[in-house]
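The sequence shown: position 55 = 49 (our numbering), numbered continuously. Take a look at the structure set out below.
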Amino acid sequence: MKKQLERYFGYLEIELNASPLTLQGYRHDIIQFLTITGKGDGPIREADHHLLRFYLAWLKENGCTRSTVARKLSAVRSFLRYLQREGELERGSWSNVSRPLQEKRLPQFFYHHEVMALLEAPDCGTPLGYRDRTIFELLYASGLRVGELTGLELFSCDLQERLVRVTGKGSKERIVPMGRIAAGFLKEYLIRVRPLLLAAAGEADAGTGKLFLNHRGGSLTDRGVRYIFDKYVRKVSHKEGLTPHSLRHSFATHLLERGADLRVVQELLGHSSISTTQIYTHVSRKHLREIYEKAHPRSLAEGD
């Protein structure tokens, strides 16, 4: 089994160019499947739909959401398909087990005034406050994922052209613009604030090339960004479920509300399929409906 796993993860990394986070997630999910089903002792030679349904039932009993179950099933099916292609596993009824129906949940986003409140929450009179404001400005201006933001290097941003070179999912690169305000904050951060944070690292870490640094002068992590976000969002909003990713959702929603083409938004977000981007049209329609219900006199009339 160990050899099968290592060959499979080598295939994901080398041939499919899977990211470290994808590899980590697949490894966790597949090992969990092997452990729960008792298939971890030796190489898998056969599998059927009963095996997968047993695993799915276990996941459900342990409180996993539909999206989590679907993700784990996708990882397991990918592993089994690989074994089948390599001639180590016969095609069986396991391939007929379908993904659970997904709940259609609209992404949580900020209204424009809520974004402004969040952007203005940090104290720009302090180095860390200025860094935090710059992070929020860039997330909202360019629609970056948190992992994309923390992966930015010093050379990733072209301030003169106001462009950001981003490495997204699957190690795919894209170039996205940033607005004048975000570029202005970033320029000041690079000139005045980042050197102060870097000085805290000492000589041992003085060579780090990451764009955003933590209070010790080291590279800021995804977890660090989420901590920073949570600290400020509690001060400006009572909404549940807001995350740094909500700024990405807001970026897409606000562009579409102001007439941006769906294909352009797809390109800016780095979505491989336009169907992923289309969810934001539903968010936008919902927003328009809420405005209509509040503003149109006939919508408020009794009995209408």
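Don't be surprised by glycine CBs; every beta carbon is placed ideally from N, CA and C.
{"Item": "Straight-line gap, SER61 to LEU146 (C-alpha atoms, nearest Å)", "Value": "29 angstroms"}
{"Item": "Delimiting residues of the beta strand (DSSP E) encompassing LEU148", "Value": "Premise fails: LEU148 is in no beta strand (DSSP E) and is neither H nor E."}
{"Item": "Inter-residue Cα distance where the pair is GLY264 and LEU133", "Value": "14 angstroms"}
{"Item": "Span of the alpha helix (DSSP H) around ARG65", "Value": "60 to 79"}
{"Item": "Start-to-end residues for the alpha helix (DSSP H) that takes in LEU50", "Value": "43 to 55"}
{"Item": "At least three beta-carbon pairs within less than 8 angstroms, the region 25 to 32 to the region 102 to 109", "Value": "no"}
{"Item": "Touch test, the region 167 to 175 against the region 118 to 138, Cβ-Cβ under 8 angstroms, three pairs minimum", "Value": "yes"}
{"Item": "Supposed close pair GLU82, PRO37 - CB separation, criterion 8 angstroms", "Value": "7 angstroms"}
{"Item": "Beta-bridge pairing of SER213 - partner residues as DSSP gives them", "Value": "LEU207"}
{"Item": "Best match in THR120, ALA254, ILE222 and PHE149 for proximity to LEU191 [C-alpha to C-alpha]", "Value": "THR120"}
{"Item": "Exposure label - ASN208; buried when at least 16 CB within 10 Å", "Value": "buried"}
{"Item": "Buried versus exposed, by CB contacts within 10 Å (16 or more), HIS232", "Value": "exposed"}
{"Item": "Boundaries of the beta strand (DSSP E) in which ILE169 is found, first to last residue", "Value": "167 to 171"}
{"Item": "Distance, THR128 Cα to LEU153 Cα", "Value": "13 angstroms"}
{"Item": "Rounded straight-line distance, which links the Cα of TYR274 to that of SER240", "Value": "12 angstroms"}
{"Item": "Burial state of ASP126, where buried means 16 or more other Cβ atoms lie within 10 Å", "Value": "buried"}
{"Item": "Cα-Cα separation, ARG228 to ILE222", "Value": "11 angstroms"}
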